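Each residue of the sequence shown is one higher than the last, beginning at 1 in full-length UniProt numbering.
Just so it is clear, CB atoms sit at the ideal spot from N, CA and C, and this is done for glycine as well.
Source: prediction; values computed, not measured.
For reference, the structure discussed in these notes is given below.
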Amino acid sequence: MPHNVQAERHRLPIQIQNRIIHFCLALTPSIPPPLTADEPVTPEWDRMAGMCGRRARTKRMRERSEVQRLGLRLMRVCKAWKPLAAKYLYTEPLLTPYNLLSFASSLGAGEAKWSDLNLHPYSTPGRYVKTLDLSHILDGSDAPHPLYVTRACRSILSLIPNLTHFILPLLHTHILEYLINVDNCNFPKLRAIEGIDIHLVQCEPTLQRLSPHLEFLNLYGLVYDPHISSLEDSTLEETILSFPKLHTLVRHGSSSRDGISSMICHSEMPKLSRLSIAPCQDTRDELEFINNFLVLKGTRLISLTILEPREWPPRRTQFPYGILEFLPNLRHLSVLCTGDLNRLLENAKEHKLEVLTIPKPNAYIPSPSPSPVPAPTLGPLNPYGGGMVGQGLLAQSVVSEEDWSGHTGFSHQIDKLRNILTRAEIKPIAVVLDGYRWLPHDMGLAALEAGVSGRMRRLACRLKSYNVELRDMNGKQAPCLGEHQRGRSGTRGLSPVSPVRSPDRKGVGDGDGDEDGG
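See the structure below:
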């Protein structure tokens, strides 16, 4: 038998080869899925903001880099694999200031080789692009000039007809102004857009054209500026858009007096189930806007995230009073800012709330250096365990032992939360600490019971007696201190706060139990 015929018999079919490449290079969808009322609350619901959101974005960047590295290697295997691997290289490219121009050149070269004789009306590799992330094209001190970047982006946008997820760079309105042109805005499959400058009132025609197909919308604005607010177009308030498929809305750093916010507030969103909002300023107008928006759109909300306002100096966030009364179907509430939780949870009788996410306690221990740590004077203390309002080092303060285990600080806030839930007689919920992770059980019993870990474990045990679970950012409870022990009355499990026993004692496990309990 000739060698070529024998090799042809052992060659896998092209369909199986395509599935192998798909398994190696395909990424999960970048657009968050819609939430349903019967869906269980998972840690994935916190992947849009806070520490979980930052970790998710970093992980996504690593996955794109790995696809680029592995895809280039697969393209060199054989000639048949080159077009198969190139499809996944361009599906969600990793764009940086250094490869943006070469990416635009490759799309232009593919368009130049295309003609009407081809069966497909759109050229390759432009038709492979489905997610275009331009949020990092201006990073770095040696990044290209913004006008040069704008020219490259304009050549890209006209060659990607199958785009589904578009992420705009912040503080770069030239690209958005290019989308305003009706001739260039030809994205029939666009489902998600992020980074729209909410103060650019001219983007209303673009939203009007894209609104029938949008499922994810991110509106971004700077801190409150009276000069920008004076540019408000009163006609936008009378414009009513329809978002029949929109299920996720993000509104960060925008003012309640700009025209886009008023237009979005009065638009039709019948499928809105997830809302993430960051107030621009702590004023009565802003609180009234949030309250009116939740009254109009809150009946179908399943997940609500409240973030820190984008302003300096940072201040304590004022929450609307008793907003759960307007959110009857809310099951996940994430409060990633400072403020009084009692105002949010008032009138919460017989509510469906299941999971509450709050920031982890910010325990800052000063350095033992001879130079004293200056006392920060930026604002009020963080009610979740000390620390000033804000996330930087300048916004932190020293946390005493009382703030952890006494009647002031994080433990006291949890106790007040537990009392409110007990009086309201609602179903038990789980409290999730954003940015906190339990120590693994293989660290040893002494490490689990010492310091912050020991205090958090005792707090978890106390909340467990009231049917409230304390979970970390991964959705896990406190790991047990040992395996199950067999006594006179049978098999019993060790408590998360059980005392440390001698390892040579009979019947005590070696501490490799599952991360369960708490």
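Taking the DSSP output, what are the residues bridged to residue i?
{"i": "S276", "result": "V250, T305"}
{"i": "Y88", "result": "Note: Y88 sits in no beta bridge, so no partner."}
{"i": "R471", "result": "V432"}
{"i": "E194", "result": "I167"}
{"i": "L217", "result": "I193, L249"}
{"i": "residue 574", "result": "This structure leaves residue 574 out entirely; the chain is present only between 1 and 518."}
{"i": "P359", "result": "D434"}
{"i": "V452", "result": "Bridge partners of V452: none, in fact."}
{"i": "H351", "result": "Note: H351 sits in no beta bridge, so no partner."}
{"i": "V335", "result": "I306"}
{"i": "S242", "result": "E268"}
If you drop the 5 nearest sequence neighbours on each side, which residues of the same chain put their C-beta closer than 8 Å to that of residue i?
{"i": "E63", "result": "L27"}
{"i": "H120", "result": "R127"}
{"i": "E111", "result": "S123, G126, L159"}
{"i": "N18", "result": "L84"}
{"i": "R191", "result": "I31, T164, H165, H213, L214, E215, F216, K245"}
{"i": "E268", "result": "I240, L241, S242, F243, P244"}
{"i": "H108", "result": "Per the sequence presented here, residue 108 reads as Gly, with His not at that position. Taken in chain order, the residues that qualify are S155, L159."}
{"i": "N162", "result": "Y122, R127, Y128, V129, K130, K189"}
{"i": "D434", "result": "D46, G50, M51, C52, S334, L336, T357, I358, P359, K360, M473"}
{"i": "P97", "result": "H136, I137, L138, D139, G140, D142, A143, P144, V149"}
{"i": "S65", "result": "L94"}
{"i": "G475", "result": "T42, P43, V432"}
Contact defined as beta carbons within less than 8 Å: I believe residue i pairs with residue j. What is the distance between those atoms, to the nearest angstrom?
{"i": "L246", "j": "L214", "result": "5 Å"}
{"i": "I21", "j": "W81", "result": "7 Å"}
{"i": "V355", "j": "A430", "result": "5 Å"}
{"i": "P328", "j": "T299", "result": "7 Å"}
{"i": "L241", "j": "L219", "result": "Actually they are not in contact, since the Cβ atoms of L241 and L219 sit about 13 Å apart, beyond 8 Å."}
{"i": "L353", "j": "I323", "result": "11 Å between Cβ atoms; not a contact."}
{"i": "C52", "j": "M473", "result": "5 Å"}
{"i": "A447", "j": "L439", "result": "6 Å"}
{"i": "A152", "j": "L94", "result": "With 8 Å as the limit, A152 and L94 do not qualify as a contact, their Cβ atoms being about 15 Å apart."}
Taking 6 Å as the limit between beta carbons, can you name the residues of its chain near residue i, skipping five residues before and five after?
{"i": "residue 524", "result": "No answer is possible for residue 524: the residues shown for the chain start at 1 and end at 518."}
{"i": "V250", "result": "N218, S276"}
{"i": "residue 520", "result": "No answer is possible for residue 520: the residues shown for the chain start at 1 and end at 518."}
{"i": "L74", "result": "W81, A85"}
{"i": "K506", "result": "Because K506 sits at a pLDDT of 39, beneath the cut-off of 50, its placement in the model cannot be relied upon, and the following sentence gives the value as read from the coordinates. Once the five neighbours on either side are set aside, K506 has no close Cβ partner at all."}
{"i": "A56", "result": "R47"}
{"i": "residue 536", "result": "What is shown of the chain runs 1 to 518, which leaves residue 536 out entirely."}
{"i": "L89", "result": "G71"}
{"i": "V67", "result": "L25"}
{"i": "D87", "result": "The amino acid occupying residue 87 in the given sequence is Lys; Asp does not appear at that position. Excluding positions up to five away in sequence, the list reads Y128."}
{"i": "residue 525", "result": "Residue 525 lies beyond the residue range present for the chain, which begins at 1 and ends at 518; the question has no answer from this structure."}
Less than 7 Å between C-beta atoms, sequence neighbours within five positions excluded: which residues of the same chain meet that for residue i?
{"i": "P370", "result": "For P370, the pLDDT reaches just 41, beneath the cut-off of 50, and the residue's location in the model is therefore unreliable, although a value from the coordinates is still provided. Same-chain partners within the cutoff: there are none."}
{"i": "S106", "result": "P125"}
{"i": "L70", "result": "C24, L25"}
{"i": "R76", "result": "none"}
{"i": "K297", "result": "M269, L272"}
{"i": "R465", "result": "According to the sequence provided, residue 465 is Ser. The question's Arg does not apply to it. Result list for S465: empty, nothing under 7 Å."}
Between the region 117–134 and the region 147–166, are three or more C-beta pairs nearer than 8 Å? Segments in contact, yes.
Along the chain, which unbroken stretches of the alpha helix (DSSP H) at least 4 residues long are found entirely within the region 76–148? 81–91, 100–113
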